[in-house]
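Since the structure comes first, as structure tokens, the remarks are kept for the end.
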Amino acid sequence: MGDQDRDDKTSRIAQQKGHETRKANSADEPGRAADAPMTDRQRQHLDLLADQAGEERKGDLSSGNAEKEIDRLQLKSGQRPAPGRQPT
Numbered sequence: 130m131g132d133q134d135r136d137d138k139t140s141r142i143a144q145q146k147g148h149e150t151r152k153a154n155s156a157d158e159p160g161r162a163a164d165a166p167m168t169d170r171q172r173q174h175l176d177l178l179a180d181q182a183g184e185e186r187k188g189d190l191s192s193g194n195a196e197k198e199i200d201r202l203q204l205k206s207g208q209r210p211a212p213g214r215q216p217t
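When you read off a place in the sequence shown, starting at 1, and then add 129, the result is the number in my numbering.
The following block contains the structure:
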């Protein structure tokens with residue numbers, strides 16, 4: 130499999146899982162403060178999106194800031210934020 134095929138497959142998987150991943154992220158969890166540290170799922174999602182965008186992932190972020198960065202990177206890559214989320 131070539132690099133382009135692998136990149137296309139990774140992008141499709143990220144788009145398919147985007148909604149599930151977003152729902153599982155901490156900012157959507159009741160009672161979780163936006164200033165709490167980002168979750169492992171958020172970190173993994175940010176790593177994937179930053180890699181696709183050709184960017185370095187920003188350091189440790191709060192849960193709320195991680196959500197904003199996820200939204201930004203999704204919009205940059207042409208993905209839409211999960212239903213019910215407003216891009217920031």
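C-beta atoms are modelled at their ideal positions from N, C-alpha and C, and glycine is treated no differently.
- Note on Ala195: 16 or more other CB atoms within 10 angstroms of its CB, so buried under the neighbour-count rule.
- In the displayed model, Ser206 falls within coil according to three-state DSSP, outside both helix and strand.
- With a cutoff of 7 Å on beta-carbon distance, Asp164 and Ser206 are scored as not near each other.
- By a beta-carbon distance limit of 8 Å, Pro166 contacts Asp189. Their separation comes to about 7 Å.
- Note that the C-beta distance between Asp176 and Arg186 is below 7 Å.
- One alpha carbon belongs to Glu184, the other to Ala162, and they sit about 27 Å apart.
- Proximity to Thr168 across Leu178, Ala182 and Gly193 peaks at Gly193, based on C-alpha coordinates.
- Going by DSSP, Arg172 is part of the alpha helix (DSSP H) stretching over Asp169 to Ala182.
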